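Asks:
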Amino acid sequence: YRCIASSKVGSVDHAARINIYGLPFVRSMEKQAIVAGGTLIVHCPVAGYPIDTIVWERDGRVLPINRKQKVFPNGTLIIENVERASDQASYTCVAKNSQGYSARGSLEVQVMVLPHITPFEFEGEANVGDSVQLNCYVSKGDAPVTLAWTFNNEPIIQHSGISILPIGGRTSLLTITSVEANHLGEFTCTATNRAGHTTHSATLLINGTSFNCTFCAWFIHRYLFSSVIPIGRHQYLLLSTNGLLTIGLW
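In UniProt numbering, the protein residues as written are 1 to 250.
#1: Residue 12 by DSSP, collapsed to three states: which one?
#2: Along the chain, where does the beta strand (DSSP E) containing residue 7 start, and where does it finish?
#3: Whose CA, out of 45, 34, 166, lies closest to the CA of residue 92?
#4: Return yes when the Cβ of residue 152 is within less than 8 Å of the Cβ of residue 186, no when it is not.
#5: Which residues mark the beginning and the end of the beta strand (DSSP E) in which residue 104 is found?
#6: Quick one: grab the DSSP three-state call for residue 86.
#7: Let me check you understand the geometry: is the CB of residue 62 closer than 7 Å to at least one non-hydrogen atom of the ligand HEM?
#8: Taking all protein chains shown into account, do 16 or more other C-beta atoms lie within 10 angstroms of the C-beta of residue 15, making it buried, or fewer, making it exposed?
#9: What do you get for residue 87, buried or exposed, if any count of 16 or more other CB atoms within 10 angstroms of its CB means buried?
#10: What does the Cβ neighbour count give for residue 179, buried or exposed, with the cut at 16 atoms within 10 Å?
#11: Please report the residue range of the beta strand (DSSP E) in which residue 177 lies.
#12: Could you tell me whether the Cβ atoms of residue 26 and residue 100 are closer together than 8 Å?
#13: When the Cα of residue 116 is compared with those of 79, 56, 163, 189, which residue comes out closest?
#14: What residue from 196, 24, 208 has the CA that sits closest to residue 113's CA?
#15: Determine whether the beta carbon atoms of residue 39 and residue 83 lie at a separation below 8 Å.
#16: List the DSSP bridge partners of residue 70.
#17: Contact defined as beta carbons within less than 8 Å: I believe residue 270 pairs with residue 200. What is the distance between those atoms, to the nearest angstrom?
#18: In this structure, does DSSP put residue 123 in helix, strand or coil?
#19: In the DSSP output, which residue or residues are listed as bridge partners for residue 47?
#20: Excluding the 5 residues flanking residue 35 on each side, which residues of the same chain have their C-beta closer than 7 Å to its C-beta?
#21: Closer than 6 Å by C-beta to residue 210: which residues in its own chain qualify, once you throw out the five before and the five after it? Chain order, please.
Below is the structure:
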């Protein structure tokens, strides 16, 4: 039992256990699901008093059986860096008293695996009118997997010139049939399953074309050269462009 006292400046708590004399008893434990790579911490819900020992077993062997496993006298089991191949199993808590009476309870541990996206990127810089593709493929992770694309952090729903084709449940193919200037930016694929989600991004760079910037010359004349600038002072002009445009200097 734990008592917690809280106020605007913080909280304090104190816990104490009430033991009831009786034979050892282990309450039922719900299935534990954990993401691969995480740390599993479980407590054996034992009752009865006095209890002499609490141990955890797997396949008839008393834990720990490797360095990742830690078992404490109070019945706590910790498994670090959980992996499906080595740690997904049924674990048994065994509580005994000094008279030799014992009780057992089982715990099923399920290890979930996050999606892993095979890295992808655009094949260099694109020109206006080119056709480009990105293939988002989930090579690992629990099924089912949901794949979604975003463009500059915005969902791609009916974006001009961009099509998305799902293939087989683990692949999504993004195609731009004819590259336009407004396709410049970051494309991100997000893969989601019950364990969580992962993302991978690729940036599309588009070559620009030269142009006669009449507005630039007017802006410089109106706001830069018409200003009174003290000797020794610097004056800065920021010119923003899209694409890989070579900027000429005046």
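Positions of the beta carbon are idealized from the N, C-alpha and C atoms, including for glycine. Since the structure is predicted, the reported quantities are computational estimates derived from the model, not experimental observations.
Replies: So, to answer that:
#1: strand
#2: 2-7
#3: 45
#4: yes
#5: 102-112
#6: helix
#7: No copy of the ligand HEM occurs in the structure displayed, which carries no ligand at all.
#8: exposed
#9: buried
#10: buried
#11: Careful: residue 177 lies outside any beta strand (DSSP E) and carries neither H nor E.
#12: no
#13: 189
#14: 196
#15: no
#16: 78
#17: The structure shown has nothing for residue 270, since the chain only spans 1 to 250.
#18: coil
#19: 25
#20: 112, 114, 195, 196
#21: With a pLDDT of 44 at residue 210, under the threshold of 50, the modelled position of this residue cannot be trusted, and the question is left open.
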